[in-house]
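First the structure, in the form of structure tokens, and then the observations on it.
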Amino acid sequence: MVVLISGITGQDGYYLSKLMLKEGHQVHGIVRRNSQKTYGVLDFDEELKSKLNLYYGDVTDKSSLDSIFRQVKPNLVFHLAAQSFVQESWSNPEVTYDVNIKGTLNMLNSFREYTPEGKFYFACSSEVFGKVADEIQNEESRMWPRSPYGISKLAAYWTGINYRESYNLFVCNGILFNHESPNRGVEFVTRKISLAAAKIKLGLQKELKLGNLDAKRDWGFSGDYVRAMYLMLLHKEPDDYVVATGETHSVREFVEAAFEAVGLDYRDYVIVDPKFLRPAEVQYLRGDYSKAKRKLGWEPKVKFKELVKMMVEADLERLSG
Ligand code: NAP
Ligand code: F7E
19 MVVLISGITG QDGYYLSKLM LKEGHQVHGI VRRNSQKTYG VLDFDEELKS
69 KLNLYYGDVT DKSSLDSIFR QVKPNLVFHL AAQSFVQESW SNPEVTYDVN
119 IKGTLNMLNS FREYTPEGKF YFACSSEVFG KVADEIQNEE SRMWPRSPYG
169 ISKLAAYWTG INYRESYNLF VCNGILFNHE SPNRGVEFVT RKISLAAAKI
219 KLGLQKELKL GNLDAKRDWG FSGDYVRAMY LMLLHKEPDD YVVATGETHS
269 VREFVEAAFE AVGLDYRDYV IVDPKFLRPA EVQYLRGDYS KAKRKLGWEP
319 KVKFKELVKM MVEADLERLS G
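This note's numbering applies: residue 19 is where the sequence shown begins, and numbers increase by one.
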């Protein structure tokens with residue numbers, strides 16, 4: 019099959035393109051041009067990059083998407099591109115709405131115009147649950163986003179459903195809970211912590227400044243979650259699915275486990291800095307992935323402690339190397 023991925027230079031784009039190649043598909047990706055001609059996470063893996071067909075485009079520029087859809091004619095579209103950093107969405111709400119809402123609308127319109135018989139995946143987020151009403155959130159749980167990012171994902175989620183219902187298109191929303199990896203961006207809390215633990219261990223950093231240590235998240239492994247995206251598009255009917263581990267842990271537990279992995283006590287190094295507190299916080303998330311398990315046969319493989327260890331060890335290796 020011919021696969022098109024927006025956001026291919028990000029964390030999930032990396033694992034998804036590897037999976038798609040392994041499955042024997044032809045992989046095409048949309049890349050934002052920058053002055054350094056860098057390709058994000060793909061720059062760490064030249065072998066992978068050489069197997070991909072990359073096109074310059076921007077999801078806010080419909081004409082660039084039209085030209086790519088016309089050339090590629092994808093069977094499977096994974097729309098992952100986004101302004102994905104929640105904290106940033108308060109500083110740049112317009113960019114967040116443009117990229118995440120209008121960008122999704124543009125992708126859906128190009129898909130509808132050029133490859134309506136194909137299948138479309140949208141990267142929705144557990145941030146739509148925000149101020150949670152249920153102890154464990156599933157597809158039916160109340161959605162009450164708490165940031166411009168969460169609002170943008172909610173608008174895009176409903177746009178996807180509306181396109182499915184209005185135009186009979188195969189559009190799926192994956193409501194993915196936090197997922198991490200050694201390729202996670204350095205500003206997200208897990209990678210900020212794993213990198214700091216490794217640097218402190220090697221004497222390259224003295225302290226770690228964090229915000230809310232009591233926030234709880236359902237953290238899984240990106241490599242597991244991209245499999246769920248693929249299974250959604252292989253399923254006979256389009257639908258929306260929660261993808262999660264079913265466990266929740268606090269930022270404090272993450273930092274404790276990361277420092278433990280390098281034989282240190284986090285309390286000697288972590289400082290709470292109000293700069294990293296958010297105007298409105300999502301205090302607690304825990305996902306119920308039973309629908310994905312039942313209908314797609316999907317289950318997460320990597321557990322919390324294993325994920326923390328994987329990330330810290332990868333950072334230690336990179337820094338030592
Ligand atoms: P990420 O690492 O931040 O990657 C985002 C990607 O989007 C990058 O390739 C980025 O390109 C691209 N992008 C941003 N603006 C663009 C634009 N205007 N035009 C074209 N491409 C653009 O995010 P991720 O962790 O892989 O997440 C993938 C998707 O899942 C995102 O939509 C995110 O919101 C969503 N999501 C993530 C999680 C999670 O925990 N990771 C959970 C739920 C949902 P550059 O390299 O040029 O910046
Ligand atoms: O924050 C707290 C922070 O930025 C997690 C994105 O992939 O997942 C991600 O969004 C928690 C929050 O991720 C720091 O307040 C404490 O409660 O790693 P994060 P996020 O906001 O949960 C969802 C599902 C997505 O869809 C998003 O795209 O950690 N926290 N201290 C901190 N967070 C950061 N970044 N930095 C700190 O110093």
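For glycine and all other residues, C-beta sits at the position ideal for the given N, C-alpha and C. Computed from a predicted structure; not experimentally measured.
Heavy atom of ligand 3 within 7 Å of residue i beta-carbon
i, result
"Gln54", "Ligands displayed in this structure: ligand 1 and ligand 2; ligand 3 is not among them."
beta-carbon residue i near ligand 2 non-hydrogen atom, thresh 7 Å
i, result
"Val244", "no"
"Ala233", "yes"
"Asn186", "no"
"Gly148", "no"
"Phe206", "yes"
"Leu251", "no"
CB of residue i within 8 Å of CB of residue j, strictly
i, j, result
"Ser268", "Leu231", "yes"
"Asp306", "Val260", "yes"
"Gly47", "Ile26", "yes"
"Asn118", "Leu83", "no"
"Ala262", "Gly281", "no"
"Ala246", "Ala310", "yes"
"Phe279", "Val326", "Reading the sequence as shown, one finds Ala at residue 279 and not Phe. A contact, by the Cβ cut-off of 8 Å."
"Leu194", "Tyr243", "yes"
Per DSSP, the bridge partner or partners of residue i
i, result
"Lys36", "In the DSSP output, where bridge partners are listed per residue, Lys36 has none listed."
"Glu198", "Phe239"
"Asn191", "Phe140 and Asp258"
"Ile23", "Gly47 and Phe96"
"Tyr74", "Val49"
"Tyr57", "None, per the DSSP bridge assignment."
"Gln155", "Gly305"
"Val290", "Leu228"
"Lys171", "Answer by DSSP bridge pairing: none, since Lys171 is not bridged."
Residue span of the beta strand (DSSP E) that contains residue i, given as start and end
i, result
"Asp258", "Asp258 to Val261"
"Leu228", "Leu226 to Leu228"
Ligand 1 heavy atom lying under 7 Å from the CB of residue i
i, result
"Leu66", "no"
"Ala215", "no"
"Val45", "no"
"Gln29", "yes"
"Ala275", "no"
"Ala151", "no"
"Ser24", "yes"
Alpha helix (DSSP H) segment containing residue i, residue limits
i, result
"Ser68", "Glu64 to Ser68"
"Ala99", "No alpha helix (DSSP H) contains Ala99, which DSSP labels as neither H nor E."
"Val273", "Val269 to Ala279"
"Ala332", "Phe322 to Ser338"
"Phe87", "Lys80 to Val90"
Cβ of residue i within 8 Å of any chain C Cβ
i, result
"Leu337", "Absence of chain C from the displayed structure is noted, only one protein chain being present."
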